[in-house]
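Asker: If you read the sequences in order, they're chains E and X.
So that you can map any letter, position 219 of the first sequence is 219 in the numbering used here, and since no number is skipped, the others follow by simple counting.
So that you can map any letter, position 179 of the second sequence is 640 in the numbering used here, and since no number is skipped, the others follow by simple counting.
Yeah, the Cβ is synthetic: ideal placement off N, Cα and C, and Gly gets one too.
Values in this document were obtained by computation on a predicted structure and should not be read as measured data.
The structure under discussion is supplied below as structure tokens; questions concerning it will follow.
2 protein chains.
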Amino acid sequence: MTLHQTPAAARSHVPQSHDIPALLALLGDVPVITEPVVVRRRSRDFFWYSPILAEELKDVRADIIVQPRDEADVIRTASACARLRIPLTVRAGGTGNYGQAMPLAGGVLLDINALSGIVWQKPGVARARAGTNLLALDQEVRAGGYELRMHPSTKRTATIGGFVAGGSGGVGSVAYGGLREPGNILAARIVTVEEEPRVLELRQDAAQKVNRAYGTTGIITELEMPTAPAWPWIDVIVAFDTFEEAFAAGRDVAHADGVVKKLLSPIAWPIPSKFGALKRACPEGQAILIAMIAEPFLESFRAILAGRGTITLEAPSEEGPGQVPLYEYTWNHTTLQWLKTDRSVTYLQLLYPHDRLEESVMQMKALFEGEVLPHLEFIRFAGRITCSALPIVRYTTPERLNAIIAEHESHGVMVANPHVVSLEGGSRHKRADADQSGFKAEVDPMGLLNPGKMASYVPVR
Amino acid sequence: MTLHQTPAAARSHVPQSHDIPALLALLGDVPVITEPVVVRRRSRDFFWYSPILAEELKDVRADIIVQPRDEADVIRTASACARLRIPLTVRAGGTGNYGQAMPLAGGVLLDINALSGIVWQKPGVARARAGTNLLALDQEVRAGGYELRMHPSTKRTATIGGFVAGGSGGVGSVAYGGLREPGNILAARIVTVEEEPRVLELRQDAAQKVNRAYGTTGIITELEMPTAPAWPWIDVIVAFDTFEEAFAAGRDVAHADGVVKKLLSPIAWPIPSKFGALKRACPEGQAILIAMIAEPFLESFRAILAGRGTITLEAPSEEGPGQVPLYEYTWNHTTLQWLKTDRSVTYLQLLYPHDRLEESVMQMKALFEGEVLPHLEFIRFAGRITCSALPIVRYTTPERLNAIIAEHESHGVMVANPHVVSLEGGSRHKRADADQSGFKAEVDPMGLLNPGKMASYVPVR
Numbered sequence: 001m002t003l004h005q006t007p008a009a010a011r012s013h014v015p016q017s018h019d020i021p022a023l024l025a026l027l028g029d030v031p032v033i034t035e036p037v038v039v040r041r042r043s044r045d046f047f048w049y050s051p052i053l054a055e056e057l058k059d060v061r062a063d064i065i066v067q068p069r070d071e072a073d074v075i076r077t078a079s080a081c082a083r084l085r086i087p088l089t090v091r092a093g094g095t096g097n098y099g100q101a102m103p104l105a106g107g108v109l110l111d112i113n114a115l116s117g118i119v120w121q122k123p124g125v126a127r128a129r130a131g132t133n134l135l136a137l138d139q140e141v142r143a144g145g146y147e148l149r150m151h152p153s154t155k156r157t158a159t160i161g162g163f164v165a166g167g168s169g170g171v172g173s174v175a176y177g178g179l180r181e182p183g184n185i186l187a188a189r190i191v192t193v194e195e196e197p198r199v200l201e202l203r204q205d206a207a208q209k210v211n212r213a214y215g216t217t218g219i220i221t222e223l224e225m226p227t228a229p230a231w232p233w234i235d236v237i238v239a240f241d242t243f244e245e246a247f248a249a250g251r252d253v254a255h256a257d258g259v260v261k262k263l264l265s266p267i268a269w270p271i272p273s274k275f276g277a278l279k280r281a282c283p284e285g286q287a288i289l290i291a292m293i294a295e296p297f298l299e300s301f302r303a304i305l306a307g308r309g310t311i312t313l314e315a316p317s318e319e320g321p322g323q324v325p326l327y328e329y330t331w332n333h334t335t336l337q338w339l340k341t342d343r344s345v346t347y348l349q350l351l352y353p354h355d356r357l358e359e360s361v362m363q364m365k366a367l368f369e370g371e372v373l374p375h376l377e378f379i380r381f382a383g384r385i386t387c388s389a390l391p392i393v394r395y396t397t398p399e400r401l402n403a404i405i406a407e408h409e410s411h412g413v414m415v416a417n418p419h420v421v422s423l424e425g426g427s428r429h430k431r432a433d434a435d436q437s438g439f440k441a442e443v444d445p446m447g448l449l450n451p452g453k454m455a456s457y458v459p460v461r
Numbered sequence: 462m463t464l465h466q467t468p469a470a471a472r473s474h475v476p477q478s479h480d481i482p483a484l485l486a487l488l489g490d491v492p493v494i495t496e497p498v499v500v501r502r503r504s505r506d507f508f509w510y511s512p513i514l515a516e517e518l519k520d521v522r523a524d525i526i527v528q529p530r531d532e533a534d535v536i537r538t539a540s541a542c543a544r545l546r547i548p549l550t551v552r553a554g555g556t557g558n559y560g561q562a563m564p565l566a567g568g569v570l571l572d573i574n575a576l577s578g579i580v581w582q583k584p585g586v587a588r589a590r591a592g593t594n595l596l597a598l599d600q601e602v603r604a605g606g607y608e609l610r611m612h613p614s615t616k617r618t619a620t621i622g623g624f625v626a627g628g629s630g631g632v633g634s635v636a637y638g639g640l641r642e643p644g645n646i647l648a649a650r651i652v653t654v655e656e657e658p659r660v661l662e663l664r665q666d667a668a669q670k671v672n673r674a675y676g677t678t679g680i681i682t683e684l685e686m687p688t689a690p691a692w693p694w695i696d697v698i699v700a701f702d703t704f705e706e707a708f709a710a711g712r713d714v715a716h717a718d719g720v721v722k723k724l725l726s727p728i729a730w731p732i733p734s735k736f737g738a739l740k741r742a743c744p745e746g747q748a749i750l751i752a753m754i755a756e757p758f759l760e761s762f763r764a765i766l767a768g769r770g771t772i773t774l775e776a777p778s779e780e781g782p783g784q785v786p787l788y789e790y791t792w793n794h795t796t797l798q799w800l801k802t803d804r805s806v807t808y809l810q811l812l813y814p815h816d817r818l819e820e821s822v823m824q825m826k827a828l829f830e831g832e833v834l835p836h837l838e839f840i841r842f843a844g845r846i847t848c849s850a851l852p853i854v855r856y857t858t859p860e861r862l863n864a865i866i867a868e869h870e871s872h873g874v875m876v877a878n879p880h881v882v883s884l885e886g887g888s889r890h891k892r893a894d895a896d897q898s899g900f901k902a903e904v905d906p907m908g909l910l911n912p913g914k915m916a917s918y919v920p921v922r
């Protein structure tokens, strides 16, 4: 594994300078931003969670921001970029942590935030424009009695397009698995990057071609997503003397199919010591289990605890203005809570084997005691309960980080390395998904979309 | 294992004759039925699915049927039975197949069908009287946008009390597991059988003391059950050249957490040849997969099939008057469909190990080719996907049936033997549940409830 793959090396097939005046001429009245300071600031996402990417990507910036008002503007921009061979990186909320939407080769940053709103919905399904904010989408769906099945911890700022293009799952995956599971993305509408762009409707399996492809396989303009009947959720924190107990309680609830839940996150001390606003719910020295439980099943949740641990928080989940929902202490927000006051740490993204979950979790805990601090997320994965994990890593050197990754992998723990820019480096399989790679040749033959992200892609023309 | 335990031996602690005139005096105006022909006819349930029980229980009958109008009548009857040491067997729909509600020691058959109706409901929970018919309950809950999480294939005739007292799961268990899972029975209200009966509220874990205890651990008068947001269900049949393919498709759908489903039943040929009304959907020589899929996810279901098999039926699930819902070809209705025209077969009830499911299923299929015909039901069990099974057995002798059971058990397939009258003989562990046995001493100290069913129980006074 190469931790120091340079963006420059990854984008060797794209021109290094771009004819922006010609682009502006072709764009006509499509809104743009060209002020260098604004373009530079808006070029950045949350790549700085990784000290390696923080260094590697610090100078990355687009040449221009294009802000399409509708799909027609997207088509016009895609055509212009194809004609002029200008790279195009799609950007929405900019909440990614792997530098997913960093314009490595400059060119156009396509800000799709204005492409928002629900196209239609019916019980169980909502079709929305890619730039729709997840909280707004959820609230609109909730008005009809439904809710999003899953969302990242960045729900309040991220978009549905960004979630599908850059994410894998999150709050809700303990019930429904990840986005890659059948039924979790029903359809995607995309614009190709060609001189005469096409608009394609990808349904079911085919829609997976845009899932976590970092925007390299077409410009997503609409997504058809499943919705679930809405529950009143209760945020819960349970404190335990040991991480082992927090894990065991989480595991027992995860396996209880009769208990409707959206989140189960065991977190080791001292991570909760960084949860400022939750201080009273996070006793000194104790591990915690964060949970979201549907209100009618809170009593069943308590029955499973059977006296284990102490419930230190139990309140209806709130995510309105001025409120910090409990899920903003889980998934990669856990890392953010620590980074707010201490940039000396970073994180990893792991997937534990389902068939020796506890053994494997405790083995890694023991192996890196005090250096890799356990933070698990119970999820379903291909129909089985296991844990995703985003442990806090006390960072020293790239070499040591690499050694920690290698050690996890050698013990059968899969690592989605968040410290490399390319899809391949970050994937569990160290290669681009075959379907996605093949599909890219059809929809982005010149390799202009987010160049450097699908590093193994060789332009076909 | 004793296949021929006699009811008489099992009920040795109860008197063999009962003072019915004294009982009538104590009951006052509580409605009763004493006409011998009616009492005999109503004493029977569906025990005759088993040729062994059919022989063993053919002469079993109660002395009197008591029909309480409300809980006060139940209390009066329980007190009277306690004072006179008269056995009391609770009976509702009478749809059990293990002779659960056969009055082995005679005495009172307590017909609770009049104890019906919803006590209260809120989103996610419904509290109903024990004698409430399951279809009626479901329809009333549906009016508010919810539905029962699970029901037996006898939904149209069975009651919620009977389901909890005699069943283990059914349609819906592929999503929520069995009744024994936390959250699947929220509370039970019971009347004890003592001279001064008490009314107890059992919540959560404690409510499991009445689950599948065949009415031996108190008289259930109310149940608080979880409900799920209602979906429009689509009944589907897919036909395959081989049972292996039907199994594989069912397994893939079972593991797809993004696809909302209520039923997945792979059934081997020639079983579907007995599905008269479904003839056109059951091609000659083909195995079938029966499924209930939430309408918005039917397209995802088809995507998982990916061209495997042929969809021969796809229609909204209907269970109104005059309609035979598709689920009446699954669970133990599969057996009934065959028994309608041929009483030479019987069945078994199996639980396959989740960690070598396919291997185990195919091993049993090969071992008893042509004699034990595969019929599986995908379920969740303790958070894992596995299969319950109710194979059709071509019956020859009790000894051969016993050998088939022993062979399954020796290969790690658990058998809930439906050919014995006692809880112990039918349990996977061959003993009464410790909680239930201990609890019985508190609520039925004289052992008057359904005597012979918890055969190991020794009266404490």
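(1) Mind checking residue 66 of chain E: buried by the 16 CB within 10 Å criterion, or exposed?
(2) Taking CB distances under 8 Å as the criterion, tell me whether residue 672 of chain X reaches chain E.
(3) Can you tell which of E:432, E:355, E:128 and E:337 has its C-alpha closest to the C-alpha of residue 484 of chain E?
(4) How should residue 465 of chain X be labelled, buried or exposed, when 16 other C-beta atoms within 10 angstroms of its C-beta is the threshold for buried?
(5) Between the stretch 183-209 of chain E and chain X, which residues of the former have CB atoms less than 8 Å from a CB of the latter, in chain order?
(6) If the cut-off is 8 Å on Cβ atoms, which residues from the stretch 380-400 of chain E count as contacting chain X, listed in chain order?
(7) If we cut at 8 Å on Cβ distances, does residue 492 of chain X have a partner in chain E?
(8) Who pairs with residue 694 of chain X in a beta bridge, going by DSSP?
(9) Of the residues X:815, X:835, X:833 and X:829, which one's Cα is nearest the Cα of residue 846 of chain X?
(10) Look at the alpha carbon of residue 226 of chain E and the alpha carbon of residue 145 of chain E, and state the distance between them as a whole number of angstroms.
(11) My output table needs one value for residue 200 of chain E: the three-state DSSP class, helix, strand or coil.
(12) Ignoring anything shorter than 4 residues, give me the alpha helix (DSSP H) runs that lie fully in the stretch 96-151 of chain E, in order along the chain.
(13) Thinking C-alpha only, which one of X:520, X:834 and X:658 is nearest residue 564 of chain X?
(14) Mapping the DSSP letters down to three states, classify residue 329 of chain E as helix, strand or coil.
(15) Quick test of your reading: residue 352 of chain E and residue 413 of chain E, contact by CB under 8 Å. State the CB separation rounded to the nearest angstrom.
(16) Who does residue 454 of chain E pair with in a DSSP beta bridge?
(17) At 8 Å on the CB atoms, spell out the chain E contacts of residue 760 of chain X, in chain order.
(18) Which first and last residues belong to the beta strand (DSSP E) in which residue 826 of chain X is found?
(19) What do you get for residue 723 of chain X, buried or exposed, if any count of 16 or more other CB atoms within 10 angstroms of its CB means buried?
(20) Is it the case that the Cβ atoms of residue 101 of chain E and residue 90 of chain E are separated by a distance below 8 Å?
(21) At least one CB of chain E closer than 8 Å to the CB of residue 612 of chain X: is that the case?
(22) For residue 747 of chain X, I'd like the list of residues in its chain whose CB is within less than 7 Å of its CB, leaving aside the five on either flank, ordered along the chain.
(23) Any idea what DSSP makes of residue 341 of chain E, helix, strand or coil?
(24) Does the stretch 690-700 of chain X come close enough to the stretch 771-783 of chain X that 3 or more CB-CB pairs lie under 8 Å?
(25) Which residue from X:516, X:777 and X:643 puts its Cα closest to that of residue 480 of chain E?
(26) Going by C-alpha distance, which of X:513, X:803 and X:858 is nearest residue 559 of chain X?
(27) Per DSSP, which one or two residues make a beta bridge with residue 526 of chain X?
(28) Say whether the stretch 646-655 of chain X touches the stretch 609-620 of chain X, bearing in mind that this needs 3 or more beta-carbon pairs closer than 8 Å, one atom from each stretch.
(29) Residue 569 of chain X touches chain E at which residues, Cβ-Cβ below 9 Å?
(30) Give a yes or no on whether the minimum CB-CB distance between residue 752 of chain X and chain E is below 8 Å.
(31) Could you tell me whether the Cβ of residue 764 of chain X comes closer than 8 Å to any Cβ of chain E?
(32) Comparing alpha-carbon positions, which option in X:831, X:782, X:496 and X:653 lies nearest residue 704 of chain X?
(33) Who are the near neighbours of residue 334 of chain E in its chain, counting only those whose CB is closer than 7 Å to its CB and skipping five residues on each side?
(34) My assumption, with CB atoms under 8 Å, is that residue 112 of chain E sits in contact with residue 92 of chain E. Please give the rounded CB distance.
(35) Does the count of Cβ pairs from the stretch 213-232 of chain E and the stretch 293-301 of chain E closer than 8 Å reach three?
(36) Run down chain E in chain order and give the residues with a C-beta less than 7 Å from the C-beta of residue 716 of chain X.
Answerer: Straight from the coordinates:
(1) buried
(2) no
(3) There is no way to answer for residue 484 of chain E, as the model of chain E reaches only from 1 to 461.
(4) Any reading at residue 465 of chain X needs caution, since the residue's pLDDT is 39, under 50, leaving its predicted position unreliable; the model's value is listed next. Label assigned to residue 465 of chain X: exposed.
(5) Within the stretch 183-209 of chain E, contact with chain X at the beta-carbon level (separation under 8 Å) is assigned to 183, 184, 186, 203, 204 and 205.
(6) 380, 382, 383, 384 and 385
(7) With 8 Å as the cut-off, residue 492 of chain X does not count as an interface residue toward chain E.
(8) X:755
(9) X:815
(10) 13 Å
(11) strand
(12) 134-142
(13) X:520
(14) helix
(15) Rounded, the Cβ-Cβ distance is 6 Å, consistent with contact.
(16) Its beta-bridge partners do not exist; DSSP assigns none.
(17) Under a criterion of Cβ atoms nearer than 8 Å, the residues of chain E adjacent to residue 760 of chain X are, in order, 186, 203 and 204.
(18) That residue, residue 826 of chain X, is in no beta strand (DSSP E); its alpha helix (DSSP H) goes 818-828.
(19) buried
(20) yes
(21) no
(22) 700, 701, 702 and 730
(23) Residue 341 of chain E falls in the coil class under three-state DSSP.
(24) yes
(25) Residue 480 of chain E falls outside the range modelled here, since chain E spans only 1 to 461, and no answer is possible.
(26) X:513
(27) X:494 and X:570
(28) no
(29) By Cβ distance, chain E contributes nothing, its closest Cβ being about 34 Å from residue 569 of chain X, past 9 Å.
(30) no
(31) yes
(32) X:831
(33) 267, 271, 375 and 390
(34) 5 Å
(35) yes
(36) 382 and 383
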